[in-house]
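Asker: I am attaching a structure below and will ask some questions about it afterwards.
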Amino acid sequence: MIAAFALSKILANPDFDISPNSFHANGLWSIPMIYSLVAYIQIHWFPASILVAKEQGKKPDFSQILGTFILLFFWPVGIWLVQPRLNRIYNAV
Numbered sequence: 172m173i174a175a176f177a178l179s180k181i182l183a184n185p186d187f188d189i190s191p192n193s194f195h196a197n198g199l200w201s202i203p204m205i206y207s208l209v210a211y212i213q214i215h216w217f218p219a220s221i222l223v224a225k226e227q228g229k230k231p232d233f234s235q236i237l238g239t240f241i242l243l244f245f246w247p248v249g250i251w252l253v254q255p256r257l258n259r260i261y262n263a264v
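Its first residue numbered 172, the sequence shown is counted upward by one per residue in our numbering.
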């Protein structure tokens, strides 16, 4: 009930606008917006860095992680290319 009340207050705020074509935040609403963007990137970056580190056995560089990150970011296509790498690691354990 509290969550429904909070959501109705958030959606009624003119500084926070969600439409089918855009997502717009002004003022203090930009802080959660930036946090959400960083969190979404981190959700894909962390598994990519762990996968590359496990394959190489050492801490990977930015350029080594980037390709896997892009594959995971566009997951419907990327997961087909990442799955064989995961299977190799799983079978080695």
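By construction, the Cβ of each residue, glycine as well, lies at the ideal position given by its N, Cα and C atoms.
State yes or no: is the C-beta of L252 within less than 9 Å of the C-beta of A219?
Answerer: no
Asker: Using a Cβ-Cβ cut-off of 8 Å (strictly less than) and excluding sequence neighbours within five positions of F233, which residues of its own chain qualify?
Answerer: none
Asker: Where does K229 fall in DSSP's three states?
Answerer: coil
Asker: In whole angstroms, give me the CA-to-CA distance for L257 and G198.
Answerer: 43 Å
Asker: Can you tell me whether V209 is helix, strand or coil according to DSSP?
Answerer: helix
Asker: Tell me which residue opens and which closes the alpha helix (DSSP H) that G198 is part of.
Answerer: Premise fails: G198 is in no alpha helix (DSSP H) and is neither H nor E.
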